[in-house]
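Using numbering that gives the first Met the number 0, the first residue of the sequence shown is number 0, and each one after it goes up by one.
Ideal Cβ positions, reconstructed from N, Cα and C, are used throughout, including at glycine.
Here's the structure, in structure tokens; my notes come after.
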Amino acid sequence: MLLATVRPTCSTTVSYAFHCFKMTSPYFVESTAVITRSGNRTVPHAGLPLLPLAPILRRRRGQVKVEYDGKVEPKHWEPPDWSKQLGHVRQMRSARDAPVDIMGAEKCYDTHAPDEVRRYQVLVSLMLSSQTRDQVTSAALQRLRAHGCTVDNIVNTDDDTLGQLIYPVGFWRTKVKYLKQTSVILQREFRGDIPNTVEGLVRLPGVGPKMAHLAMDIAWHQVSGIGVDTHVHRISNRLGWTRAGTKNPEETRKALEDWLPRDLWSEINWLLVGFGQQVCLPVNPLCSVCLNKHSCPSGGLVTTALLDPTDCQGPNLSLWIECTLSLHP
């Protein structure tokens, strides 16, 4: 009689213990525990105490896979010290008194014009700015605005007059042709407005990826990518912000977008452009006053691989030639 009484009790105890183990262990449920990228650990809750299973969890913790979107998380590359370097650049740019801050594409359009006219003027400013200093671009756009910088008016303006209005921007004859062709397309296909996609913008004559991404940001207030010009291209390579050296701005754009947090994409263009105009110059950069001089891989070094003669127009062109000859006699 005693055995008959004990056996059911023992069986019940074992059954309860097994039930407790099965319901509380993350290794015996359909949804297994996953350590997310943020470090949070999700374990299904069964409503029973986990204390008896602590030794088991400690023994098997090393077998839990770190997952990212359902897959094993790949190793994410990012430049060493980039966050500190970015903070230093922000500090050096805190005055916001570089030419891009005063005369960039965000400052050239008529703020009182209708939205479609304002967006068109942003695009025109970006088209004129290619291989041209901000001071020259701003003056040309002011003359265009005084003439009437709308799609219909530019279409009806003869080439000679348009050339006189935008001279002396770089490659002004080619830009006259591009402005007329683009304005005709906008008049016929977009009712005087500009496309609201990168794909539509790069279809326009004279509009490349850099202009398209900047137009999306400034005109449409949408961040579609990083606008990379020669300043951003040069400085990114000098700081080591590309995993391997890039050869042109488009390669630099892809390299930056691969690791730079998206919430910085809009800021990084004007930040580095102004930094390149004031401190990290194409020729004779002011490394001695740069806050990144101790962490910049290129500190104190200038190579022709990082120089672009289009950055050195006017009086700086002779410096570029002199530097090039001294490095490659």
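Query raised in the report: Near PRO54, what residues of its chain come up, given a Cβ to Cβ distance below 7 Å and the 5 sequence neighbours on each side ignored?
Result: At PRO54, the pLDDT of 49 sits below 50, so the modelled position is not reliable and the matter cannot be decided from this model.
Query raised in the report: Buried or exposed: which applies to GLN84, given that a residue is buried once 16 or more other Cβ atoms fall within 10 Å of its Cβ?
Result: buried
Query raised in the report: What did DSSP end up calling SER137 once you bin it into helix, strand or coil?
Result: helix
Query raised in the report: For LEU285, is the classification buried or exposed, using 16 other Cβ atoms within 10 angstroms of its Cβ as the cut-off for buried?
Result: exposed
**Report entry** Option in HIS212, VAL150, VAL227 and THR241 with minimal Cα separation from ASN195
**Finding:** HIS212
**Report entry** the region 146-166 contacting the region 197-214, beta-carbon criterion three pairs below 8 Å
**Finding:** no
Query - Start-to-end residues for the alpha helix (DSSP H) that takes in VAL231 - result: 229-238
Query raised in the report: Does DSSP put ASP80 in a helix, a strand or coil?
Result: coil
**Report entry** N-terminal and C-terminal residue of the alpha helix (DSSP H) that LEU213 is part of
**Finding:** 208-217
Report task. Decide if the region 112-123 is in contact with the region 82-97; the criterion is three or more beta carbon pairs, one per stretch, under 8 Å apart. Result -> no
Query raised in the report: For the region 251-267 against the region 209-226, are there 3 or more C-beta pairs whose distance is under 8 Å?
Result: yes
Requested in this report: Return the residue from the list LEU270, HIS293, VAL231 and VAL288 that minimises the CA-CA distance to ASP100.
Outcome: LEU270
Requested in this report: State buried or exposed for ARG92, treating a residue as buried only when at least 16 other CB atoms are found within 10 Å of its CB.
Outcome: buried
Query raised in the report: Any beta-carbon of chain C closer than 8 Å to the one on LEU285?
Result: No chain C is present in this structure, which holds just one protein chain.
Report task. Less than 8 Å between the CB atoms is what I'm expecting for ILE217 and ALA104, so what's the real figure, rounded? Result -> 6 Å
Report task. Give me the Cα-Cα distance between SER297 and ASN236, rounded to the nearest whole angstrom. Result -> 9 Å
Query raised in the report: Does DSSP put TYR177 in a helix, a strand or coil?
Result: helix
Query raised in the report: With C-beta atoms as the reference, is SER124 less than 8 Å away from ILE153?
Result: no
Query raised in the report: For the alpha helix (DSSP H) that GLY104 lies in, which residues bound it at each end?
Result: The sequence given here has Ala at residue 104, not Gly. First-last of the alpha helix (DSSP H) with ALA104: 104-107.
Report task. Would you give the residue range spanned by the alpha helix (DSSP H) that TRP258 belongs to? Result -> Careful: TRP258 lies outside any alpha helix (DSSP H) and carries neither H nor E.
Query - Neighbourhood of ALA254 by C-beta, 6 Å cutoff - its chain only, sequence neighbours within 5 removed - result: THR241 and THR245
Query raised in the report: Apart from the five residues just before and just after ARG172, which ones in its own chain have a Cβ nearer than 8 Å to its Cβ?
Result: GLY162
Requested in this report: From the DSSP output, in three-state form, read off ARG92 for me.
Outcome: coil
Query raised in the report: Which value, in whole angstroms, describes the spacing of the CA atoms of ARG187 and THR149?
Result: 14 Å
Query raised in the report: How many Å lie between LEU140 and PHE170 at the Cα?
Result: 15 Å
Query raised in the report: From this set, LYS292, ARG117, LEU164 and TYR119, which residue's C-alpha is nearest VAL135's C-alpha?
Result: LEU164
Query raised in the report: Do LYS174 and GLY205 have their C-beta atoms within less than 8 Å of each other?
Result: yes
Query raised in the report: I think VAL272 touches VAL222, with their Cβ atoms under 8 Å apart; what is that distance to the nearest whole Å?
Result: Contact flag wrong, Cβ pair sits at about 16 Å.
Query - Option in ASP96, SER294 and LEU127 with minimal Cα separation from LYS176 - result: LEU127
Query - ALA94 versus GLN277, LEU300 and CYS295, residue with shortest Cα-Cα distance - result: GLN277
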